[in-house]
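In terms of my numbering, the sequence shown opens at residue 274 and continues consecutively. For glycine and all other residues, C-beta sits at the position ideal for the given N, C-alpha and C.
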Amino acid sequence: MKAITKFLEALSDNYYEKFLVENPYTQKKYENKYYSEVLYNKKVYYEMDLDDISLSITDILQKIKSKHKKAVSEVYLEVANKSVSEINSIIENIIKSVNVNLKVIKNDFYIYDKKSRYFSETNFSSDNFSIQKAINIFSSEFKIGKYYETEKALYSTFDIYYESDRGYVLNFLPMALFCVGSAFIVELKRIKENAISNEFFKLVSKEEKLKWDSKPAHLGYIMGMLADLEFVNAPKRKNGDINYTQYARQVLNIFDIETTENTLTKYLNTTTEKAQETERNFNKANFNIPHKKEVN
Numbered sequence: 274m275k276a277i278t279k280f281l282e283a284l285s286d287n288y289y290e291k292f293l294v295e296n297p298y299t300q301k302k303y304e305n306k307y308y309s310e311v312l313y314n315k316k317v318y319y320e321m322d323l324d325d326i327s328l329s330i331t332d333i334l335q336k337i338k339s340k341h342k343k344a345v346s347e348v349y350l351e352v353a354n355k356s357v358s359e360i361n362s363i364i365e366n367i368i369k370s371v372n373v374n375l376k377v378i379k380n381d382f383y384i385y386d387k388k389s390r391y392f393s394e395t396n397f398s399s400d401n402f403s404i405q406k407a408i409n410i411f412s413s414e415f416k417i418g419k420y421y422e423t424e425k426a427l428y429s430t431f432d433i434y435y436e437s438d439r440g441y442v443l444n445f446l447p448m449a450l451f452c453v454g455s456a457f458i459v460e461l462k463r464i465k466e467n468a469i470s471n472e473f474f475k476l477v478s479k480e481e482k483l484k485w486d487s488k489p490a491h492l493g494y495i496m497g498m499l500a501d502l503e504f505v506n507a508p509k510r511k512n513g514d515i516n517y518t519q520y521a522r523q524v525l526n527i528f529d530i531e532t533t534e535n536t537l538t539k540y541l542n543t544t545t546e547k548a549q550e551t552e553r554n555f556n557k558a559n560f561n562i563p564h565k566k567e568v569n
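This is the structure we're talking about:
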């Protein structure tokens, strides 16, 4: 599973290291660009300009997008022609691997936390300032209803606006990577559900099905009514509503009838305009099905 492995590696990479150089001023291509001196892992580096970091992040996410597509395609190939138990095993193992990476990425959300791989000190050589000291002062003065006076000497060597922008830019990448990884898990679960549904659909051959000798509208409406009146326990969504698409698959797995899943879905849902047309015809013929509770 090369594509999946490459995607997971890209997802969990330490991208902050790509925004640092040891000494940009000795390299011609870095001339006339702004760099901020930082202390990272007990070593002095130069952090790229925020605009350049933003461009680099855009490029990283574009490459991740490509790897994501290839990983999804590979999952489809992996589950093709597999049994339900094999599909479950494959998908769940991949989800576990993604969750391991997401835990690492989650630690990167707050770059001023030492657990973050993006943690570095911007004014490490100053005796008068640290980001934590600034936060403490803001907090204490805000609690007593004071507004911080920007002309205080504490900020003489520190650009609070730059630090705010820096946090926004650097935080964006781990947040985006977390969203990509989470979306991949959603896609994996959808693939598993579809694969299992399709296998169930193939279980019954056409010769074994019940032949329906009337219109698709009639079958859809009657089966929809049976579900509404609780004679049939139709598949549900998480919110409790009937999943009419999945219900249509199950009905088509029982009855031999010339129709499509999409068409049948419209008749199974008795609130749709299509179903209402059929209901009027049934009412004219005095068709009635009592609620299950009325005949129990």
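Pair every Cβ in the stretch 443-461 with every Cβ in the stretch 377-384, then say whether three or more of these pairs are closer than 8 angstroms.
Contact holds: three or more Cβ-Cβ distances are below 8 angstroms.
Could you check the C-alpha separation between V459 and N554 for me, to the nearest Å?
Their Cα atoms are separated by approximately 42 angstroms.
Report the three-state DSSP secondary structure of K482 (helix, strand or coil).
Looking at K482 - three-state DSSP - the assignment turns out to be coil, as it is neither helix nor strand.
Compute the Euclidean distance between the alpha carbons of D514 and F504, then round it to the nearest angstrom.
Whole-angstrom Cα-Cα distance: 16 angstroms.
Can you tell me which of the three DSSP states V311 falls into?
DSSP places V311 in strand when its eight states are reduced to three.
With a threshold of 16 other CB atoms inside 10 Å of the CB of R439, please say whether the residue is buried or exposed.
With 16 or more Cβ atoms within 10 Å of its Cβ, R439 is classed as buried.
Exposed or buried, R463, counting other C-beta atoms within 10 Å across all chains shown (16 or more means buried)?
Its Cβ having fewer than 16 others within 10 Å, R463 is exposed.
Output the distance between the C-alpha atoms of A490 and K482, rounded to the nearest integer angstrom.
When rounded, the distance between both Cα atoms is 18 angstroms.
Give me, in chain order, the residues of the same chain whose beta-carbon lies closer than 7 angstroms to that of M274; leave out the 5 immediate sequence neighbours on both sides.
Excluding sequence neighbours, M274 sits near E347 and E351.
Between E567 and chain C, is there a C-beta pair that is closer than 7 angstroms?
The structure shown has no chain C; it contains just one protein chain.
Let me know if F560 comes out buried or exposed under the rule of 16 or more other beta-carbons within 10 Å of its beta-carbon.
Under this definition F560 is an exposed residue.
How should R390 be labelled, buried or exposed, when 16 other C-beta atoms within 10 angstroms of its C-beta is the threshold for buried?
R390 is buried by the Cβ-count criterion.
For S429, which of helix, strand or coil comes out of DSSP?
Residue placement at S429 cannot be trusted, given a pLDDT of 41 that sits under 50; the coordinates are not used to answer.
So for V568, helix, strand or coil by DSSP?
DSSP places V568 in helix when its eight states are reduced to three.
Among residues of its own chain, excluding the 5 on either side of Y288, which ones have a beta-carbon nearer than 7 angstroms to its beta-carbon?
I333 and L446, listed in sequence order.
When the Cα of Y434 is compared with those of L284, D286, L323 and V568, which residue comes out closest?
Residue L323 is the option with its Cα nearest to Y434.
Consult DSSP for V505 and reduce its assignment to one of helix, strand or coil.
Coil at V505, not helix or strand.
Alpha carbon to alpha carbon, how far is N314 from S362?
Cα-Cα distance, rounded: 39 angstroms.
For the beta strand (DSSP E) containing Y319, list its first residue and its last residue.
Looking at the DSSP string, the run of the beta strand (DSSP E) that includes Y319 is K316 to E320.
Assuming S329 and F292 make a contact with CB atoms under 8 angstroms, what is their CB distance in whole Å?
Right, the Cβ-Cβ distance comes to about 7 angstroms (below 8 angstroms), so this counts as a contact.
Assuming contact is defined by CB atoms lying nearer than 7 angstroms, are D360 and L461 in contact in what I supplied?
A small fix is needed here, since residue 360 is Ile in this sequence, not Asp. No. Outside cutoff.
Based on the DSSP secondary-structure assignment, which residues constitute the bridge partners of D529?
DSSP, once it has assigned bridges, lists K484 as partnering D529.
In its own chain, which residues sit with a C-beta less than 7 angstroms from the C-beta of Y428, not counting the 5 before and 5 after it?
Because Y428 carries a pLDDT of 47, less than 50, the predicted location of this residue cannot be relied on, and the following value inherits that uncertainty. Within the same chain, Y428 has no close Cβ partners at all.
In the DSSP output, what is L541 paired with across the bridge?
Answer by DSSP bridge pairing: none, since L541 is not bridged.
Tell me whether M448 is buried or exposed, calling it buried when 16 or more other Cβ atoms sit within 10 Å of its Cβ.
When all chains shown are included, M448 counts as exposed.
DSSP three-state call for E424: helix, strand or coil?
With a pLDDT of only 47 at E424, under 50, the local geometry of the prediction cannot be trusted, and no value is derived from it.
Tell me the DSSP bridge mates of L350?
The partner list for L350 (beta bridge, DSSP) is empty, contrary to what the question assumes.
Looking at L492: is its Cβ nearer than 7 angstroms to the Cβ of Y517?
Contact: no.
Taking 6 angstroms as the cut-off, does the CB of A283 come closer than this to any heavy atom belonging to the ligand ATP?
Annotation note on the ligand ATP: not contained in the displayed structure, which lists no ligands.
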